[in-house]
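Notes follow once the structure below has been shown.
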Amino acid sequence: MSTEQTLVLVKPDGVSRGLTGTILARIEAKGYSIVELRQLRATRELLEQHYAEHAGKPFFEPLVEFMLGGPIVAAVFEGQRVIEGFRSLAGSTEPTTAAPGTIRGDLGRDWGVSVQQNLVHGSDSAESAEREIGIWFA
Ligand code: RTP
Ligand code: MG
């Protein structure tokens, strides 16, 4: 299988808790390589593009507000099956019940807010990865 790339975001909760290094180290330790890395403040326009599939859902506006709330670290990681591999490493969406051993399961929990603050984002398919890398690394 040929090498592929995925977009990873350390969301504002991960950056503000000082977990950027820990999270990036876990991904590198699994054997994936960083090919792009930057910290930035997202704009509403950027987030509306990134989360277009969720437009209109009840959590959309709280999600955008959360993602506007602080700096984000965006990275492109590369390796065989990295899209699937990173999502496995990240764990399921809800951090309270994400499996121990995963980023969300080990480092996250419910904070009683209106949206899941779950530390990371990872592209869910090759098409999403190409689209999202184009948004964050235009
Ligand atoms: P991601 O896209 O961030 O990698 O996470 P995911 O696939 O596991 O989750 P997805 O369903 O794509 O939802 C995107 C993000 O929206 C927030 N969310 N909160 N009901 C809720 O509180 C809720 N549902 C979704 C999470 O931050 C989730 O990662
Ligand atoms: Mg998703």
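Numbering (the numbering used here), first residue to last: 31 to 168.
Just so you know, even glycine gets a beta-carbon here, dropped at the ideal spot from N, CA and C.
- Look at D136: its beta carbon is at least 6 angstroms from all of the heavy atoms in the ligand MG.
- Going by C-alpha positions, S46 is about 15 angstroms away from E95.
- Inter-residue distance for G164 and V143 is about 30 angstroms (C-alpha atoms, whole angstroms).
- Between G109 and S63 the beta-carbon gap is near 6 angstroms, inside 8 angstroms, which marks them as a contact.
- Sequence-distant partners of H151 (beyond 5 residues in either direction) whose C-beta falls short of 6 angstroms from its own C-beta, in its chain, are L39.
- In the assembly as shown, W141 is an exposed residue. Its beta-carbon has fewer than 16 other beta-carbons within 10 Å.
- Distance from L77 to M97 at the Cβ level is roughly 5 angstroms; contact confirmed, criterion being Cβ atoms closer than 8 angstroms.
- Excluding five sequence positions before and after G99, the CB atoms of its chain that fall closer than 6 angstroms to its own CB belong to P42, given in chain order.
- By the Cβ-count criterion, E58 is exposed, with fewer than 16 other Cβ atoms from all chains shown falling within 10 Å of its own Cβ.
- With a cutoff of 7 angstroms on beta-carbon distance, W166 and A82 are scored as not near each other.
- One alpha carbon belongs to A120, the other to Q146, and they sit about 14 angstroms apart.
- Assigned with DSSP and collapsed to three states, V143 falls in coil, not helix or strand.
- The beta strand (DSSP E) runs lying completely inside the segment 80-118 and spanning 3 residues or more are 102-110, given in chain order.
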